[in-house]
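Input: a single structure, listed below in structure tokens.
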Amino acid sequence: MGDSTAIWFVREVGEEFHIIDYYENSGEGLRHYMKVLKDKGYIYGDHWGPHDIDNREFGADAKSRRELAREGYEIDGQKYSMIFKVVPKVGVDTGIESVREILSNCVFDEEKCSEGISHLESYRKEWDDKRGCWKDKPLHDFTSHGADGFRYFAVAKNNRKAVGAFFF
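In this note's numbering, each number is its position in the sequence shown, counted from 1, plus 667.
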């Protein structure tokens, strides 16, 4: 529960991907994020999660977040549930290349996505002071979750027809 979760809201329109909203928070459980989705009022297609969405939670009768989402929670007096698809697990470099390939087809809502856009613009490799060169992996900092979430979107887009919300 202590890790950040980044959610990109994406709508597919012809050949374009309209990135219509972004939400990020940390220290909250799945129920919180499901309430955020409900409160946004969007009509969703698919919900995609990272490979670790199937990891078991210690405090939840050893159920995964995917199972908990499927079972649902009572939110504002109504049962709210969702079914997740899992983004294929590929290397970071492959995912970054996927982002490069689709970025020109993305149209961002600059107001609603300002935080996420900032994370994408600031995402960078890690510098190795000892060797005096860039490492082969991205720097893990405040930009990581938003950038990783967008990377997962890029990887998943080849495997779906409807576009929904992406949790990372």
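Yeah, the Cβ is synthetic: ideal placement off N, Cα and C, and Gly gets one too.
Rounded distance between the beta-carbons of residue j and residue i, thought under 8 Å
i: Gly759; j: Lys804; result: A small correction: the amino acid at residue 759 is Val; Gly does not occupy that position in the sequence shown. Correct: roughly 7 Å between the Cβ atoms.
i: Trp836; j: Gly783; result: The structure shown does not extend to residue 836, since the chain is modelled only from 668 through 835, so no value can be given for it.
i: His714; j: Ile750; result: 7 Å
Neighbour-count burial assignment, residue i, 16 or more Cβ in a 10 Å radius
i: Pro755; result: exposed
i: Glu682; result: exposed
i: Thr672; result: buried
i: Val774; result: exposed
i: Ala821; result: buried
i: Arg798; result: exposed
i: Met668; result: Because Met668 sits at a pLDDT of 42, beneath the cut-off of 50, its placement in the model cannot be relied upon, and the following sentence gives the value as read from the coordinates. Under this definition Met668 is an exposed residue.
i: Phe809; result: exposed
i: Gly816; result: buried
i: Val677; result: buried
Within 7 Å, strictly: CB atoms of residue i and residue j
i: Arg737; j: Ser748; result: yes
i: Ala823; j: Leu787; result: no
i: Cys780; j: Tyr689; result: yes
Range of the contiguous alpha helix (DSSP H) that encloses residue i
i: Asp688; result: Unbroken run through Asp688 is the beta strand (DSSP E), 683-693; no alpha helix (DSSP H).
Delimiting residues of the beta strand (DSSP E) encompassing residue i
i: Ile633; result: Nothing can be reported for residue 633: it is not among the residues displayed for the chain, which extend from 668 to 835.
Exercise. Taking one C-beta from the region 789-806 and one from the region 704-716 each time, how about it: are there three or more such pairs within less than 8 Å?
Worked result: Cβ pair count under 8 Å is below three, so no.
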